[in-house]
Every structure is written in C-alpha cells, then in structure tokens.
Amino acid sequence: MSHPTTLPPQGLTPTNEQILRHLRRSNAVAQRAVSLGHHPFGAVLVGPDQETVLLEQCNIDTVNHAESTLARVAATNFTPEFLWGCTLYTAVEPCCMCAGTAYWANIGRVVFGMTEAQLLEATGSHAENPTMSVASRYVFDHCQKPVELIGPVPEIAAETVAMQQAFWAQR
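So for the sequence shown, the numbering used here puts the first residue at 150; every next one is plus one.
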C-alpha cells in the first residue's frame with residue numbers, strides 16, 4: 150500500500166522504560182475505571198517527547214472504549230500534525246473500533262501490552278466482553294497512513310492478564 154510522503158515527523162521512539170511506564174499508567178487508569186463501575190481498560194496519550202502525558206481515559210461502556218474516546222477527545226484538542234507525533238498507550242490491544250478511531254484521529258503510534266487473544270483467554274466468553282478476533286495489526290495494515298504499532302509487550306502482559314482475570318472472575 151502506498152503512503153503519503155507529506156506526513157510530519159512521528160516523534161521520538163519510546164525507550165523500553167517509557168513503554169513500560171506508560172503501559173503501567175494505562176493499567177492504573179483501567180483500575181480507576183473499575184472504581185467508577187466500568188470495565189478495566191484505560192488509555193494514555195503521550196506527546197512526541199515520550200514523556201508528557203496529554204490525556205488519560207477510562208473505559209466508559211461498550212461503544213465508548215477508553216482508546217476510542219481518548220482519540221476523539223484528542224482530535225478535538227490537538228492538530229492532526231501534532232497527533233501524528235503522539236503515542237497512544239493501552240495495556241490491552243485496541244479492538245478494530247479503537248484502532249480505526251486512533252487512525253482517523255491521526256495518532257501516529259499505538260503501543261499495547263497484551264493481545265486481544267490473551268484478553269479472550271483471560272475473560273473467557275463473557276457476555277459483557279464479547280471480544281472481536283480482529284487484530285489491530287490487520288486494521289493498521291489496511292490504512293493509507295503507516296501507523297506504527299508496538300506490541301505485545303511481554304513485560305507488561307502478565308500483570309495486565311492478572312488484572313483482567315481478577316476483574317472478570319467476579320462478574
């Protein structure tokens with residue numbers, strides 16, 4: 150697929166330490182979602198410097214996932230050029246809705262900890278969380294802009310799986 154050559158710089162490449170720190174922050178945001186009565190998903194938007202946290206978003210409901218809501222808010226508060234240099238961090242791989250929304254918001258990089266398949270293993274066939282077997286890589290591979298996707302990140306996957314299992318076992 151050909152990509153436009155007029156895209157702005159994508160921002161600094163995150164270090165492993167930054168990736169782990171921001172993914173752990175997304176898990177903390179997911180825990181906040183639980184305290185508000187929502188499912189355990191959280192997203193964090195970090196600026197091009199890989200340090201500045203611009204937005205955090207809890208999961209709200211089945212059509213207002215943390216990542217898609219964050220992407221919509223980001224698109225109304227920052228220019229597309231700036232967002233292309235930003236990174237969306239989420240401990241659980243974005244579903245196809247969230248990956249698509251990040252794409253349309255012009256967020257240039259997405260980092261996730263555990264895969265959608267690992268989420269299904271952790272939650273089982275739970276009626277409140279009917280996962281979709283559409284990898285975010287598939288979504289981004291079919292886009293005209295080259296969104297960078299980093300994940301899964303094994304160092305964070307185990308703690309994210311444990312959080313998901315603990316939550317869904319009580320539902």
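Each residue gets a CB set at the ideal place from its N, CA and C atoms; glycine is no exception.
DSSP, read as helix, strand or coil, puts residue 286 in helix.
In this structure residue 237 touches residue 220 by the C-beta definition: roughly 7 Å separates them, less than 8 Å.
Excluding residues up to 5 positions away in sequence, 242, 260, 261, 262 lie with their Cβ nearer than 7 Å to the Cβ of residue 300 in the same chain. Taking 3 residues as the minimum length, the beta strand (DSSP E) runs contained wholly in the segment 208 to 280 are 236 to 241, 258 to 263, in order along the chain. Collapsing the DSSP output to three states places residue 183 in a helix.
When secondary structure is reduced to three states using DSSP, residue 206 falls in the strand class.
Excluding sequence positions up to five before and after residue 207, its CB lies within less than 8 Å of the CB of 178, 179, 181, 182, 185, 187, 190, 191, 215, all in the same chain and listed in chain order. Shown here for residue 169: same chain residues with a beta carbon closer than 8 Å to its own, the five before and five after excluded, namely 302, 304, 305 in chain order.
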